[in-house]
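Chains as they are written, first to last, in the numbering used here: chain E, 1079 to 1320; chain G, 1079 to 1320.
Number of protein chains: 2
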Amino acid sequence: MNFAFTERSDCESCPIRHRAICARCDDAELDLLERTKSYMSYEAGQPIIWRGDDLVHVSSVVSGIASLSRTLEDGRTQMVGLLLPSDFIGRPGREAVDFDVTAITDVTLCRFERKPFERLVDEMPHISQRVMEMALDELNAAREWMVLLGRKTAREKIATFIEMIVRRDTVPLHADIDHVLPLTREEIANFLGLTLETVSRQLSVMRKEGIIAFKDRRSFKIVDLEALHQASGDDGDGGMIV
Amino acid sequence: MNFAFTERSDCESCPIRHRAICARCDDAELDLLERTKSYMSYEAGQPIIWRGDDLVHVSSVVSGIASLSRTLEDGRTQMVGLLLPSDFIGRPGREAVDFDVTAITDVTLCRFERKPFERLVDEMPHISQRVMEMALDELNAAREWMVLLGRKTAREKIATFIEMIVRRDTVPLHADIDHVLPLTREEIANFLGLTLETVSRQLSVMRKEGIIAFKDRRSFKIVDLEALHQASGDDGDGGMIV
DNA sequence: CGCCCCTTTTGATCCACATCAAGGCGCGCT
DNA sequence: AGCGCGCCTTGATGTGGATCAAAAGGGGCG
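Shown next, in the form of structure tokens:
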């Protein structure tokens, strides 16, 4: 947000320079990308691409948050991913998008036309390596989320979600920071496979139990990190039951 | 299955030659792979790798079916993927596995030691291209499954699952073929985020409704393909509501 | 053939979460 | 200040699927 998006912004000073698909690129490669990129912004709530749309551009999220979701005929919606700065939208070698992409906050994308981009990818292993790495990470995250959707209780889902948020913006390890829910209750519900009422109720329960404390509807602190983790159902990592 | 797994089987005659990670390799590249590969077999029910295990080998499923799953401390299990012939196990650039891999039927793998394999991948774009493509396909499938787990009813889940099975072994378009459920009721339940009782009940319902007909517990025919698709909840593809 | 074991079906009951419904709070706009 | 509108909370009720329980196929094996 505190990054000036002039049409010809320098990749060097880009906030996602070291995490996005260009992370491994050297200066020469960056030049090539810089020549074909363009920025595009969307206001909160705006659709970015609809399922089935022609995939004219592929892009990286530079700032803001977008969602990847699917809506069934009768309106039931499931979010299948959150797109944060450095995340990639679109896939090389595919003509259309399979999910809806929507701006949740104001969003700025760094875009490339797909066709020329595909050629670049073929020529620049530094990009394809990074795209593959990111795809594999996403795949892992998606599978982790499948466990949540298929087997966790409402309470566990909420706890896991909050832990995710907290882990995201915890740079200095578990300091007593204020965190912000980037989503409305309804969006959280669509992310967790719940209703907004259940989300609200479970948040209230955890507040009353003294696990979290809200400053307002969106921002909160962790009061009892241990209890939060306990509630998430994630443990038994390595098993260690002998 | 009708493929002789001598230690030095010829890649040329391999049943997954044109779909696995080696799909795009030329003869020279195939030679290189052939030199380092080895076969490994597992009996139905045997674990192949446990979550957290050192990822010594990466492999492709040559024959049989394996599952990728996660079990929570209290025993709740969610399958996050089915591994069919040509599917890949393990990921380059990661030390450990994040899910349990289990042989569902007898399984034969074509294995490579991870370290040397990673070097190969770096040198052979034909492999990394294919690995990326397969990872992106998996990612799409995983997200599709997230919609099922998060938002579909038991009936829709079952219908979607059966459609998947049918689509798998339908080469001649919707002929009146016998299909086989490759999983027990419990495994289906773990795949769909249900209990085995619910799976059994929903299958009974669809049988009574004349949508499917069972020859025995595992093999069945589709009686009413249209109704099956109707029940899956998958539609509104392009939307077209104007 | 008969027994045991495992998978599956079916029935009865329960409960977590959905659904339906009614306010409450904060914010922008006039 | 007062109003309207989104978002959120909380309460009352309903229900789909889980859980508990029992019995019905098979299939392998002595």
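Beta carbons: idealized from backbone N, C-alpha and C, even for Gly.
Say the cut is 7 Å; is the CB of residue i nearer than that to a heavy atom of the ligand SAM?
i: Thr1248 of chain G; result: The ligand SAM is not part of this structure, which contains no ligands at all.
Would you call residue i buried or exposed, if buried means 16 or more other Cβ atoms sit within 10 Å of its Cβ?
i: Pro1170 of chain E; result: buried
i: Arg1148 of chain E; result: buried
i: Glu1201 of chain G; result: exposed
i: Ser1116 of chain G; result: exposed
i: Gln1156 of chain E; result: buried
i: Thr1114 of chain E; result: exposed
i: Gln1308 of chain G; result: exposed
i: Val1134 of chain E; result: exposed
i: Ala1267 of chain G; result: buried
i: Val1158 of chain G; result: buried
i: Arg1229 of chain G; result: buried
i: Lys1235 of chain G; result: buried
i: Thr1248 of chain E; result: exposed
i: Thr1231 of chain G; result: exposed
i: Asp1312 of chain G; result: buried
i: Asp1104 of chain G; result: exposed
i: Ser1297 of chain G; result: exposed
i: Asp1178 of chain E; result: buried
i: Pro1125 of chain E; result: exposed
i: Ile1143 of chain G; result: buried
i: Gly1317 of chain G; result: Caution is warranted here: a pLDDT of 45 is assigned to Gly1317 of chain G, below 50, making its placement in the model unreliable, and no coordinate value can be reported.
i: Asp1088 of chain G; result: exposed
i: Val1258 of chain E; result: exposed
i: Arg1197 of chain G; result: exposed
i: Asp1165 of chain G; result: buried
i: Ile1255 of chain G; result: exposed
i: Gly1271 of chain G; result: buried
i: Glu1191 of chain E; result: exposed
i: Glu1211 of chain E; result: buried
i: Leu1146 of chain E; result: buried
i: Ile1319 of chain E; result: Bear in mind that a pLDDT of 37 at Ile1319 of chain E, under 50, signals an unreliable position, so the model cannot answer this.
i: Asn1080 of chain G; result: At Asn1080 of chain G the pLDDT is 41, less than 50, meaning the model places this residue with poor confidence and gives no usable figure here.
Can you tell me which of the options puts its alpha carbon nearest to the alpha carbon of residue i?
i: Glu1216 of chain G; options: G:Arg1189, G:Gly1168 and G:Thr1248; result: G:Gly1168
i: Val1283 of chain G; options: G:Phe1177, G:Asp1178 and G:Leu1306; result: G:Leu1306
i: Glu1107 of chain G; options: G:Ser1141, G:Glu1090 and G:Leu1150; result: G:Glu1090
i: Ser1138 of chain E; options: E:Arg1189, E:Ala1213 and E:Glu1196; result: E:Arg1189
i: Ile1243 of chain G; options: G:Cys1092, G:Asp1178, G:Gly1123 and G:Lys1299; result: G:Lys1299
i: Val1136 of chain E; options: E:Lys1193, E:Thr1248 and E:Pro1203; result: E:Lys1193
i: Arg1233 of chain E; options: E:Arg1208, E:His1257, E:Arg1279 and E:Arg1221; result: E:Arg1279
i: His1204 of chain E; options: E:Ile1126, E:Cys1100 and E:Pro1125; result: E:Cys1100
i: Ala1174 of chain G; options: G:Ser1145, G:Ile1143, G:Val1185 and G:Trp1128; result: G:Trp1128
i: Arg1295 of chain G; options: G:Glu1264, G:Thr1273 and G:Cys1103; result: G:Glu1264
i: His1096 of chain E; options: E:Arg1208, E:Thr1262, E:Lys1293 and E:Ala1220; result: E:Arg1208
i: Gly1123 of chain G; options: G:Thr1262, G:Arg1285 and G:Phe1292; result: G:Thr1262
i: Leu1162 of chain E; options: E:Arg1246, E:Asp1176, E:Glu1191 and E:Leu1226; result: E:Arg1246
i: Asn1218 of chain E; options: G:Asp1176, G:Leu1110 and G:Thr1180; result: G:Asp1176
i: Ile1182 of chain G; options: G:Glu1191, G:Met1224 and G:Ser1141; result: G:Ser1141
i: Leu1214 of chain E; options: G:Leu1187, G:Val1225, G:Arg1172 and G:Met1224; result: G:Arg1172
i: Leu1110 of chain G; options: G:Ile1289, G:Phe1195, G:Trp1223 and G:Leu1227; result: G:Phe1195
i: Ser1310 of chain E; options: E:Leu1274, E:Glu1222 and E:Glu1112; result: E:Glu1222
i: Ile1240 of chain G; options: G:Ser1206, G:Val1301, G:Thr1180 and G:Asp1184; result: G:Val1301
What does DSSP give as the partner residues of residue i in its beta bridges?
i: Gln1308 of chain E; result: Answer by DSSP bridge pairing: none, since Gln1308 of chain E is not bridged.
i: Arg1154 of chain G; result: None, per the DSSP bridge assignment.
i: Ala1326 of chain G; result: Shown here, chain G extends from 1079 to 1320; a query on residue 1326 of chain G therefore has no answer.
i: Phe1298 of chain G; result: G:His1257 and G:Phe1292
i: Val1179 of chain G; result: G:Ile1127 and G:Leu1146
Query raised in the report: Between the segment 1163-1183 of chain E and chain G, which residues of the former have CB atoms less than 7 Å from a CB of the latter, in chain order?
Result: Arg1169, Gly1171, Asp1176 and Phe1177
Query raised in the report: Taking a cut of 7 Å between CB atoms, which residues from the segment 1205-1229 of chain G lie near chain E?
Result: Ser1206, Val1209, Met1210, Glu1211, Ala1213, Leu1214, Glu1216, Leu1217, Asn1218, Ala1220, Arg1221, Trp1223, Met1224, Val1225, Leu1227, Gly1228 and Arg1229
Query - Within the segment 1096-1169 of chain G, ranges of the beta strand (DSSP E) (whole runs, at least 3 residues) - result: 1116-1120, 1125-1127, 1135-1141, 1144-1149 and 1155-1161
Report task. Pull out every residue of the segment 1110-1137 of chain G whose Cβ sits closer than 7 Å to any Cβ of chain E, in chain order. Result -> Flagged, chain order: Gly1130.
Requested in this report: Quick one: which unbroken alpha helix (DSSP H) runs of 4-plus residues sit fully inside the segment 1181-1242 of chain E? Chain order, please.
Outcome: 1192-1201 and 1203-1229
**Report entry** Proximal residues, the segment 1137-1157 of chain G versus chain E, C-beta separation under 7 Å
**Finding:** Arg1148, Leu1150, Glu1151, Arg1154 and Gln1156
Query raised in the report: Residues in the segment 1257-1288 of chain E with C-beta within 9 Å of chain G's C-beta atoms, listed in sequence order?
Result: Asn1268, Phe1269, Leu1270, Gly1271 and Leu1272
Query raised in the report: Of the residues that make up the segment 1091-1106 of chain G, which ones have a beta carbon closer than 7 Å to any beta carbon in chain E?
Result: none
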